[in-house]
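What follows is one structure encoded as structure tokens, with my remarks underneath.
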Amino acid sequence: MLPALLHAFSKPTSENFKTLVRSEGVRVWDENGKEYIDGLGGLWYCQVGHSRPELIDAITEQLKKLSSYHTFAPMGSDVSDAAAERIRSVSPFPDGRVFLCCSGSESVDSAIKLLRKVPILKKQPERQIILRRGRGYHGVNIGGTTMQGIPANREGWGDLLPNVIEIDPTNIEDAASIFVEHGDRIAGVVTEPVQGAGGVFPPEPGYLEGLRRLCDDHQALLVFDEVITGFGRTGNWFASDTYEVKPDLITFAKGVTSGYQPLGGVIINRKVCDVLESDPDFTFMHGYTYSGHPAASAAAIANINIIEDEGLVQRSKEIGDRIFRGLEALREDGVVSEVRGVGAIWAAQVANASTEQGLEIRDKMTEMGVICRAINGALAFCPPLVIEENDIDLIIDTAAKAIEEVIVK
Ligand SMILES: Cc1ncc(COP(=O)(O)O)c(C=O)c1O
């Protein structure tokens, strides 16, 4: 009989998994005591490093005080209020509001429901179309699955949400022509400012600005899915700051707690809040049992405090510079054909590598004690923002050796 756990994004018949048992800082250990550098920060989430006592203590103390409570009317908790305030305090929307849920996928589905709700409240129910972007990843709930620009993640589940149109990931003219055709029926656009799981693609110059302009011209809303890019990853608190483009809604998860607790949410700008608050009889019929869970809320506050106290937002640029320089050297050697990234999220397209060879290189690196992600022949890196120079160099050297073994031989 196969083990009980059905792993994420895996073959149900597969039994070949690494079993991790311990973590500390930028390192994790498996059941055989083998040590790995976590070059991907878990799954793009671990900003402050693993197993930090301050964070664990904050969560434990909270659980001792109030172990759980929900935020369905008329209830709430001091710590969920404080977490929302703290998230808002570092966000681009100082007068906005924060909805809390438990994952990136829930944050995306919540944003999609807001994209539907706002036009309805504004008496424009015909605005039902949502634009997604090719190559985008937006989680696995039914809304996020529909928003996927990665066909393999979207297809094979039967009918998804109607009224969704895909735009080209790089050419803004494609979006412009869809707005010309459907502008008065478009509710909004959902995009990652830096496409992460699709292969780490920063936006083409002018692309995000173009989306903002199109949305403004056609009264549509712009959603930035900052589930990976939020909380310091791109060298600012949010990629919205890095690219100086303000969306209307920001979805977040992952780095908000560095993965210590499952938490996600949507930061809502004042313009959208005004619509939600305009009718005192309107009830927001949306929320999850664990929206604002005390342990997750405490984790967010402690995590944001660590990011701020240790200057990790700034540190992310220094980490990125070193990764970039290392990968650029491999590009100059000809083993890498393209280096992409911003802040502390980078990818190196291995020259002439197939998707399978990319996976082989990843496996070789894991054998050598470095965890990264392989995406379509590229290697992606997103280390904790507490990584030191020698460990960054070790990641790059290991990538070079693994590429040599698999491709050059
Ligand atoms: C941009 C983006 N949105 C949404 C998600 C989904 O987040 P979760 O896996 O927490 O549901 C992810 C996960 O990688 C993501 O990268």
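Residues 29 to 437 in this note's numbering are what the sequence shown spells out, letter by letter. Beta carbons are placed, not taken as given, at the ideal position from N, Cα and C, and that holds for glycine.
Ordered along the chain, which non-local residues of its own chain (more than five positions away) have a Cβ less than 6 Å from that of I399? Cβ neighbours of I399 within its own chain (closer than 6 Å, five residues either side excluded): Y64, D66, G67 and L68.
Output the distance between the C-alpha atoms of K274 and L239, rounded to the nearest integer angstrom. The alpha-carbon of K274 is positioned some 11 Å away from that of L239.
Say the cut is 7 Å; is the CB of A402 nearer than that to a heavy atom of ligand 1? No, Cβ of A402 sits at least 7 Å from all heavy atoms of ligand 1.
What residues in its chain sit with their C-beta under 7 Å from that of G124, if we drop five residues either side in the sequence? Here the set comprises R116, I295, I296, N297, R298 and C301.
In the DSSP output, what is P246 paired with across the bridge? Checking the sequence shown, residue 246 turns out to be His, not Pro. Answer is none; H246 lacks a bridge partner.
Can you give the beta carbon distance from A111 to L277, rounded, assuming they're within the 8 Å contact cut? Beta-carbon to beta-carbon, A111 and L277 are separated by about 18 Å, too far to satisfy the 8 Å threshold.
May I ask you to list the residues that DSSP assigns as paired with D58? Under DSSP, D58 forms a beta bridge with L48.
How many Å lie between V146 and F266 at the Cα? If I take the Cα positions, the gap works out to 24 Å.
Buried or exposed for H35, going by 16 or more other Cβ atoms inside 10 Å? Result: exposed.
Measure how close the beta-carbons of S95 and P322 come, nearest whole angstrom, since I'm counting them as under 8 Å. Contact between S95 and P322 holds, since their C-beta atoms are separated by about 7 Å, short of 8 Å.
Determine the direct distance from the alpha carbon of D58 to that of V136, and round the result to whole angstroms. Straight-line Cα distance between these residues: approximately 32 Å.
Kindly indicate which residue of P31, G234, A326 and V54 has the alpha-carbon position closest to the one of T47. Minimum Cα distance to T47 is reached at P31.
Who are the near neighbours of A101 in its chain, counting only those whose CB is closer than 7 Å to its CB and skipping five residues on each side? Result list for A101: empty, nothing under 7 Å.
Please go through the same chain and pick out, in chain order, the residues whose beta-carbon is closer than 8 Å to the beta-carbon of G164, but skip the five residues on each side of it. The residues are M175, Q176, G177, I178, P197, V218, T219, E220, Q223, G226 and D253.
Alpha carbon to alpha carbon, what distance is there between F207 and Q342? In this structure, the alpha-carbon of Q342 lies about 37 Å from that of F207.
First through last residue of the alpha helix (DSSP H) which encompasses V208: For V208, the enclosing alpha helix (DSSP H) starts and ends at I200 to H210.
Comparing alpha-carbon positions, which option in L142, D391 and I403 lies nearest T426? For T426, the closest of L142, D391 and I403 by C-alpha to C-alpha distance is D391.
Check E388 in the structure and name its three-state DSSP category. Helix at E388.
Nearest-angstrom Cα separation, counted from G348 out to L340: One C-alpha to the other measures close to 12 Å.
Can you grab the Cα-Cα spacing for the pair L83 / N331, in whole Å? Whole-angstrom Cα-Cα distance: 7 Å.
Go through the region 118-150 residue by residue and report every complete run of the alpha helix (DSSP H) that reaches 4 residues or more, in order. The alpha helix (DSSP H) runs of length 4 or more contained entirely in the region 118-150 are, from start to end of the chain, 132-149.
Take G186 as the anchor and find which of Y318, E346 and I170 has the nearest alpha-carbon. Looking only at Y318, E346 and I170, the smallest Cα-Cα distance to G186 is reached by I170.
With T279 as the anchor, note down where its beta strand (DSSP E) starts and where it stops. It spans L277 to F280 - the beta strand (DSSP E) in which T279 sits, taken as one unbroken run.
State the DSSP-derived secondary structure class of V222, mapped to helix, strand or coil. DSSP, read as helix, strand or coil, puts V222 in coil.
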